[in-house]
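Contents: one structure, followed by commentary.
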Amino acid sequence: MLKVETDPGSGFCGGVIRAISRAEQFLDGGGKLYSLGAIVHNEAELSRLGERGLETVGSVDGVPSGESVLIRAHGEPPATYAAARSRNLEVIDCTCPVVLKLQSRIRDAYARLHTDGLHGTVIIFGRVGHAEVLGLLGQVGGDAVVVEDAAMLTEAIQNGRIDITQPVEIFSQTTKSPLEYEEICEMLRRSGAEVKVNNTICAQVASRHAQLESFASSHDAIVFVAGKASSNGKVLSDLCRRVNPRTYLVGGPSEILPEWFAGLSTVGVCGATSTPKWLLEQVARAIAKL
Ligand code: SF4
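Numbering (the numbering used here), first residue to last: -11 to 278.
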């Protein structure tokens, strides 16, 4: 008999819970709400909210003038707020407080790095084109270098985009791996630059890394539930796979294959900060039924 356990630490993070509950409060009033980008990188939760009247749009130009637009937990650059004002939109700002603080720290760092004749560099360890990263870049008029990995960092130093004769400050996108961030920071220190490292990985994400490692290693197989576009889902499912090679990434119950569990005794079900608890329970029930 296969024993199925759902990870008690998985489910939405505080920032996503806050954004969704504000959207639901608004929709309870009967109005139409436009979300700038997917409110959460999870197709199942998006379709649940879509039925309640939340429509996802790619830019403020997709929102009819005078309507309400929701800014999700990832945050936005200042240009988005200006565009919303010019279209006379009501802004429901659900930027996560952790991201707001990071945006302000990046602005402060940029000012520090450009006083007294300095020409220092702000470096962001994050995914190129990710919404949170675009919001961070917007705080400094795009004048920062985004690196995804060691190769990108080396290239940026070699081609002079990062001038190591000037001071540099590095920040991380909130959902990156603490281990990978430490490796990048160590590389930067070894380059000889005067480096200030800012610890900006979200505490909820960092603690989930340690806890998920032990959860993944204590089961025969892991079913990781996350939307395909979830950056955090990719990072956390890779982490599970490192400690448990029998890790399967699924978007929902329909993607589960019975042969994954042949001859096994235990399976753990867990997910990203964008995976709703109800979906984890659905997947766990579907596996138990096999
Ligand atoms: S992962 Fe952390 S920083 Fe990002 S939205 Fe969730 S609580 Fe906020």
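A virtual CB, placed ideally from N, CA and C, is assigned to each residue, including glycine.
Worksheet item: Is residue -3 helix, strand or coil when you go by DSSP?
Response: The count along the sequence shown starts at 1 and reaches residue -3 at position 9. Residue state, collapsed to three classes: coil.
Fill in: residue 211, buried or exposed, once every other Cβ within 10 Å from all chains shown has been counted against 16
Taking the sequence shown and counting its residues from 1, one reaches residue 211 at position 223. By the 10 Å Cβ count, residue 211 comes out buried.
Worksheet entry | Under 7 Å between C-beta atoms of residue 219 and residue 95 | For this step, residue 219 is matched to residue 231 along the sequence shown. For this step, residue 95 is matched to residue 107 along the sequence shown. Not closer than 7 Å, so no.
Item to complete: Locate the beta strand (DSSP E) running through residue 81, then write down its first and last residues.
Response: For the purposes of this step, residue 81 is taken as residue 93 along the sequence shown, with counting starting at 1. Residue 81 -> beta strand (DSSP E) spans 78 to 81.
Worksheet item: Is any heavy atom of the ligand ADP found at a distance shorter than 6 Å from the C-beta of residue 61?
Response: No copy of the ligand ADP occurs in the structure displayed; its ligands are the ligand SF4 alone.
Practice prompt. Following the continuous alpha helix (DSSP H) through residue 141, name the residue where it begins and the one where it ends.
Written response: Along the sequence shown, read from residue 1 onward, the residue named residue 141 stands at position 153. Run containing residue 141: 138 to 146, per the alpha helix (DSSP H) assignment.
Worksheet item: Contact check, residue 97 vs residue 157 under 8 Å by CB: the rounded distance?
Response: For the purposes of this step, residue 97 is taken as residue 109 along the sequence shown, with counting starting at 1. For the purposes of this step, residue 157 is taken as residue 169 along the sequence shown, with counting starting at 1. So it is a contact: roughly 4 Å between Cβ atoms.
Practice prompt. Enumerate in chain order the residues of its own chain whose CB-to-CB distance from residue 128 is below 7 Å, with the five nearest sequence positions on each side excluded.
Written response: Mapped onto the sequence shown, residue 128 falls at position 140. The residues are 94, 95, 98 and 110.
Worksheet item: Do residue 28 and residue 57 have their C-beta atoms closer together than 7 Å?
Response: Here the question's residue 28 lines up with position 40 in the sequence shown. Here the question's residue 57 lines up with position 69 in the sequence shown. Not closer than 7 Å, so no.
Item to complete: Can you tell me which of 43, 234, 65 and 222 puts its alpha carbon nearest to the alpha carbon of residue 165?
Response: To locate residue 165, count along the sequence shown from 1; it is residue 177. With distances taken between Cα atoms, residue 165 lies closest to 222.
Discussion item. Considering only their Cβ atoms, is the gap separating residue 185 from residue -8 smaller than 7 Å?
Written reply: Locating residue -8 in the sequence shown gives position 4, where the first residue counts as 1. Locating residue 185 in the sequence shown gives position 197, where the first residue counts as 1. No, they are not a contact pair.
Worksheet item: residue 87: which of 61, 74 and 46 sits nearest, CA to CA?
Response: Residue mapping note: residue 87 aligns to position 99 of the sequence shown, counting from 1. Taking the Cα of residue 87 as reference, the smallest distance to any Cα among 61, 74 and 46 is reached at 61.
Worksheet item: What are the partner residues of residue 184, as DSSP defines its beta bridges?
Response: Residue mapping note: residue 184 aligns to position 196 of the sequence shown, counting from 1. 157, per the DSSP bridge assignment.
Worksheet item: Taking buried to mean at least 16 other C-beta atoms within 10 Å of its own C-beta, is residue 64 buried or exposed?
Response: One-based indexing of the sequence shown puts residue 64 at position 76. With a 10 Å radius around the Cβ and a threshold of 16 neighbouring Cβ atoms, residue 64 comes out buried.
Practice prompt. Measuring alpha carbon to alpha carbon, tell me which of 278, 45, 271 and 141 ends up nearest residue 171.
Written response: Indexing the sequence shown from 1 puts residue 171 at position 183. Ranking the options by Cα distance to residue 171, first place goes to 141.
Discussion item. Quick check on this structure: which residue in 30, 40 and -5 has the alpha carbon closest to the alpha carbon of residue 17?
Written reply: Within the sequence shown, the letter at position 29 stands for residue 17. Out of 30, 40 and -5, 40 has the C-alpha closest to the C-alpha of residue 17.
Discussion item. I'd like to know whether the C-beta atoms of residue 241 and residue 278 end up nearer to each other than 7 Å.
Written reply: For this step, residue 241 is matched to residue 253 along the sequence shown. For this step, residue 278 is matched to residue 290 along the sequence shown. No, these two residues do not count as a Cβ contact at 7 Å.
Fill in: Neighbourhood of residue 79 by C-beta, 7 Å cutoff - its chain only, sequence neighbours within 5 removed
The residue you call residue 79 lines up with position 91 of the sequence shown. The answer, listed in chain order, is 57, 59, 69 and 72.
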